[in-house]
Structure formats: C-alpha cells, structure tokens
Amino acid sequence: MKKNNFYLITGGPGAGKSTVINELQKRGHHIVPEAARTIIQQQRNVGGHATPFGDRAKFCELILTQCISDFQQQLKTKEPVFFDRGIPDLLAYQSIAEGVAWGKLMAVVRDSINKFRYNTKVYLFPPWEDIYTMDNERIHTYEQAVDSYELLKIAYRDAGYNTIEMPKCSVKGRVVFLLHDIALTTHRS
Numbered sequence: 001m002k003k004n005n006f007y008l009i010t011g012g013p014g015a016g017k018s019t020v021i022n023e024l025q026k027r028g029h030h031i032v033p034e035a036a037r038t039i040i041q042q043q044r045n046v047g048g049h050a051t052p053f054g055d056r057a058k059f060c061e062l063i064l065t066q067c068i069s070d071f072q073q074q075l076k077t078k079e080p081v082f083f084d085r086g087i088p089d090l091l092a093y094q095s096i097a098e099g100v101a102w103g104k105l106m107a108v109v110r111d112s113i114n115k116f117r118y119n120t121k122v123y124l125f126p127p128w129e130d131i132y133t134m135d136n137e138r139i140h141t142y143e144q145a146v147d148s149y150e151l152l153k154i155a156y157r158d159a160g161y162n163t164i165e166m167p168k169c170s171v172k173g174r175v176v177f178l179l180h181d182i183a184l185t186t187h188r189s
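When we follow full-length UniProt numbering, the leftmost residue of the sequence shown carries the number 1, and every step to the right adds one.
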C-alpha cells in the first residue's frame with residue numbers, strides 16, 4: 001500500500017532530523033518518532049541487548065516491527081505525516097549483515113519496503129559537523145555518521161525513492177523548505 005501523504009525524514013545520526021520533526025510537531029503536524037531511539041531506550045530499561053552495538057539482527061527486527069506498526073497506525077490520517085526514519089533505513093544495515101539470520105531478515109525488510117510505501121520523495125539530511133553532538137542513544141562518531149549517510153543514500157535509491165538533500169540552515173529554514181516542497185508536490189498531483 002502506498003501513502004503519498006507519508007513523508008520520510010532521514011539521514012545519518014546528528015544531522016538535525018529529530019529537531020526538525022520536533023518543530024513540525026510544535027506547529028501541529030502529525031509526526032512519528034524514530035523507532036530506533038525508542039528501541040534503544042526500551043532495551044536500556046530492561047537490560048536488553050537488541051542494540052546497534054549488541055544483537056544487531058534483533059535490533060533491526062524490532063525496528064522493522066515498530067516501523068510497520070507506526071505505518072499502520074497512521075493509515076487513516078489524511079494530512080501529511082512526517083516519519084523520523086522509515087523501513088528503507090534498514091537496508092543500510094546490509095553492510096553489517098552476516099549469517100543466515102541476517103539474510104532472512106533482509107528478505108523480510110525488502111518485502112516490507114514493497115508492501116509499505118511512503119511518498120517517493122524522501123528528505124535526506126546531510127552530515128553537518130557544526131551541529132553534531134552525541135547523546136545517550138547517539139553514540140556514533142561523526143565519521144560513522146558520514147558513513148551512515150552514504151549508506152542511506154544508496155539504500156533509498158535501491159528501494160525506489162528519490163532523495164532530496166535538505167539544506168544546511170536554521171531549523172526554521174529547513175521546516176520552510178520541507179513544507180514548501182511538499183506544497184509544490186501536492187499541487188502538482
């Protein structure tokens with residue numbers, strides 16, 4: 001099922017995605033928070049190991065389950081919905097995928113990408129060292145964030161999406177850019 005009003009905001013860690021998502025929410029837009037952050041927090045609370053630096057396959061499986069649930073929960077929403085990452089992000093994990101469990105999981109990810117389609121325009125946030133900070137859930141170095149960005153760009157292309165690189169400017173400027181681009185797309189449809 002394809003939902004043209006579902007917009008993905010993605011990019012490497014620390015590029016300003018969540019800040020823009022939070023600003024969109026303050027302005028009254030429908031948002032879906034990042035599944036990975038939720039999973040990391042849950043795993044920390046229960047002493048679990050399904051994390052980016054623990055059981056990565058289980059971590060991806062939990063993210064996929066959460067992303068599908070998030071998608072399905074928004075199906076009746078007619079207004080634009082902004083997702084902080086989405087199912088195709090999981091394709092970027094192929095670079096660390098090893099073993100039979102990973103092969104099966106990536107097959108399920110690819111199947112889910114085909115079943116749950118967002119708007120074909122994806123807003124990709126480039127690495128931006130000036131704003132990059134680490135926190136409890138973001139423990140990647142800036143160099144790892146750059147690598148992640150490159151993998152995401154490839155993953156989204158391979159999943160059949162068109163990435164639009166977000167400008168490096170103020171939060172307000174990014175929100176205006178995003179909303180203006182969506183308005184142009186909506187009026188052309």
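Glycine is no exception: its CB is placed at the ideal position from the N, C-alpha and C atoms.
Reducing DSSP to helix, strand and coil, say where residue i ends up.
{"i": "Val175", "result": "helix"}
{"i": "His180", "result": "helix"}
{"i": "residue 192", "result": "Nothing in the structure corresponds to residue 192, since the chain is present only between 1 and 189."}
{"i": "Arg188", "result": "Confidence at Arg188 is low in this model, with a pLDDT of 45, below 50, so the placement of that residue is unreliable and no value is reported for it."}
For the beta strand (DSSP E) containing residue i, list its first residue and its last residue.
{"i": "Ile63", "result": "First-last for Ile63: 56-73, but that is the alpha helix (DSSP H), not the beta strand (DSSP E)."}
{"i": "Thr10", "result": "6-11"}
Hey, would you say residue i sits closer than 8 Å to residue j, going by beta carbons?
{"i": "Met166", "j": "Tyr132", "result": "no"}
{"i": "Leu91", "j": "Ala159", "result": "yes"}
{"i": "Thr10", "j": "Leu152", "result": "yes"}
Let me make sure I understand the geometry here. Which of the options has the alpha-carbon closest to that of residue i?
{"i": "Val20", "options": "Lys121, Asp84, Glu143, His49", "result": "Asp84"}
{"i": "Cys67", "options": "Lys172, Lys115, Gly16", "result": "Lys115"}
{"i": "Gly12", "options": "Thr163, Val175, Trp128, Ala183", "result": "Trp128"}
{"i": "Gly54", "options": "Thr65, Ile40, Asn45, Leu64", "result": "Ile40"}
{"i": "Asp147", "options": "Tyr93, Lys78, Gln72", "result": "Tyr93"}
{"i": "Arg110", "options": "Glu79, Tyr156, Lys78", "result": "Tyr156"}
What residue range is occupied by the uninterrupted alpha helix (DSSP H) comprising residue i?
{"i": "Ile87", "result": "First-last for Ile87: undefined, no H or E at that position."}
{"i": "Ala36", "result": "35-46"}
{"i": "Ser170", "result": "Premise fails: Ser170 is in no alpha helix (DSSP H) and is neither H nor E."}
Every unbroken beta strand (DSSP E) inside the segment 92-158 [3 residues or more]: 121-125
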